[in-house]
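Following: one structure in structure tokens, then a few remarks.
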Amino acid sequence: MITRADKGNSIVMLPTHQNETKIQNFVLNNNFHSATTDPTNTFQTQIRQTIKESTTLIPKDCSWKYINMNPSAPSIKGLSKIHKPDRLIRPVVNWRNALACKLSRLFTEKIHHITPLSNAFNIKNTQDLIQNLNDTLLLPHYSLASLDITNLYSNIPVIETRTILTDILKHGLVTPQTQQKIFKWYNVITRQNYFAHNKGIVIQYDGLTMGAPSSGLIAEIFLQHVEHTHLAHLTHKHRIINYC
Numbered sequence: 274m275i276t277r278a279d280k281g282n283s284i285v286m287l288p289t290h291q292n293e294t295k296i297q298n299f300v301l302n303n304n305f306h307s308a309t310t311d312p313t314n315t316f317q318t319q320i321r322q323t324i325k326e327s328t329t330l331i332p333k334d335c336s337w338k339y340i341n342m343n344p345s346a347p348s349i350k351g352l353s354k355i356h357k358p359d360r361l362i363r364p365v366v367n368w369r370n371a372l373a374c375k376l377s378r379l380f381t382e383k384i385h386h387i388t389p390l391s392n393a394f395n396i397k398n399t400q401d402l403i404q405n406l407n408d409t410l411l412l413p414h415y416s417l418a419s420l421d422i423t424n425l426y427s428n429i430p431v432i433e434t435r436t437i438l439t440d441i442l443k444h445g446l447v448t449p450q451t452q453q454k455i456f457k458w459y460n461v462i463t464r465q466n467y468f469a470h471n472k473g474i475v476i477q478y479d480g481l482t483m484g485a486p487s488s489g490l491i492a493e494i495f496l497q498h499v500e501h502t503h504l505a506h507l508t509h510k511h512r513i514i515n516y517c
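Here it is in structure tokens:
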């Protein structure tokens with residue numbers, strides 16, 4: 274098979290069974306379980322009902338825009354991490370034809386609109402990082418550390434992040450009625466956490482849905498909470514002079 278590499282513009286050629294084995298190992302080593310039935314039809318009913326009850330956020334004559342008329346279970350593929358010694362894969366789940374894809378995009382847009390995140394430590398691009406470093410007094414004995422998160426989306430706690438989002442919406446003076454609708458969207462999007470693989474269905478019981486347009490935002494909500502909660506203590510403990 275021929276596929277893209279995870280980083281850069283490289284093309285990778287590898288035996289198909291090797292790629293399938295890497296995907297299977299990813300499924301086995303994380304919080305996934307095989308299912309005998311496809312839950313798409315069940316979720317279709319939930320999505321339609323959720324959108325129908327959201328008239329304060331979705332005008333009745335526009336509700337059809339957020340319903341996928343011909344949904345199917347998301348599919349998974351793996352991008353080879355050729356920059357890593359053991360050449361693991363980055364799992365990519367195609368959510369374009371998933372039931373909650375359009376609602377997931379709308380959820381992200383609404384959150385950005387009603388209560389934008391602080392982005393206190395975020396770097397916009399490479400140039401922004403270089404400028405940040407230039408503005409920092411660096412001495413010869415300082416160390417530069419790069420931190421990474423293993424399987425980010427599948428390790429974000431969904432229930433805890435919902436509580437964090439509750440505090441954010443309250444702090445942003447979002448009306449109780451709007452909060453209620455937002456949480457219904459959050460619940461139905463995060464519950465649609467499955468994908469098709471090897472002619473079967475794989476269900477993820479915790480963590481965020483890989484491939485959903487809203488997962489990046491929800492992960493950012495949790496990560497910013499961790500930073501604001503623990504960074505002051507860690508900065509003092511490890512003598513951090515700059516963090517971004």
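Using this note's numbering, the first residue of the sequence shown is number 274, and each one after it goes up by one. In this text, a Cβ means the ideal position worked out from N, Cα and C, and glycines have one as well. All values derive from a computational prediction rather than experimental measurement.
**Assigned secondary structure, F394 (DSSP; H/G/I helix, E/B strand, else coil)** = coil
**Prompt:** Counting along the chain, where does the alpha helix (DSSP H) carrying L420 start and finish?
**Reply:** No alpha helix (DSSP H) contains L420, which DSSP labels as neither H nor E.
**Message:** Using 9 Å as the threshold, is the C-beta distance between Q477 and N298 below it?
**Reply:** no
**Prompt:** Hey, quick one: how far does the beta strand (DSSP E) through L352 stretch, first residue to last?
**Reply:** 348–353
**Prompt:** In terms of residues, what are the limits of the alpha helix (DSSP H) holding Q465?
**Reply:** It is not in any alpha helix (DSSP H) - Q465 carries neither H nor E in the DSSP assignment.
**Message:** Just to confirm my understanding: we take F495, look at its own chain, exclude 5 residues before and 5 after, and list those with CB closer than 8 Å. What are they?
**Reply:** I429, P430, E433, T434, I437
**N-terminal and C-terminal residue of the alpha helix (DSSP H) that H509 is part of** = 488–511
**Message:** Check whether the stretch 446–466 and the stretch 369–384 are in contact - that is, three or more C-beta pairs closer than 8 Å.
**Reply:** yes
**Message:** I need the straight-line Cα distance from H498 to I331, nearest angstrom please.
**Reply:** 29 Å
**Prompt:** In terms of residue numbering, what span does the alpha helix (DSSP H) encompassing I403 cover?
**Reply:** 399–407
**Asked** Taking one C-beta from the stretch 481–491 and one from the stretch 409–421 each time, how about it: are there three or more such pairs within less than 8 Å?
**Response** no
**Item:** Spatial distance of N343 from N407 (CA atoms)
**Value:** 52 Å
**Asked** Are the beta-carbon atoms belonging to H470 and I362 less than 9 Å from one another?
**Response** no
**Asked** Among the residues of its own chain, which have a CB less than 6 Å from the CB of F316, if the five just before and after it don't count?
**Response** L372, Q465
**Prompt:** Is it right to say S488 is buried, meaning 16 or more other beta carbons lie within 10 angstroms of its own, or is it exposed?
**Reply:** buried
**Prompt:** Around the Cβ of Y516, are there at least 16 other Cβ atoms within 10 angstroms (buried) or fewer (exposed)?
**Reply:** exposed
**Item:** Start-end ranges of the alpha helix (DSSP H) lying completely within the stretch 428–485, minimum 4 residues
**Value:** 431–444, 449–464
**Message:** Considering just the uninterrupted stretch of the alpha helix (DSSP H) at N298, what are its terminal residues?
**Reply:** 289–301
**Proximity winner among N392, K510, I320, relative to C374 (alpha-carbon distances)** = I320
**Request:** Under 8 Å by Cβ, that's how I've got A492 and L425 pegged, so tell me the actual separation to the nearest angstrom.
**Result:** 6 Å
**Prompt:** Given that a residue counts as buried once 16 or more other Cβ atoms are within 10 Å of its Cβ, and exposed if not, what is P389?
**Reply:** exposed
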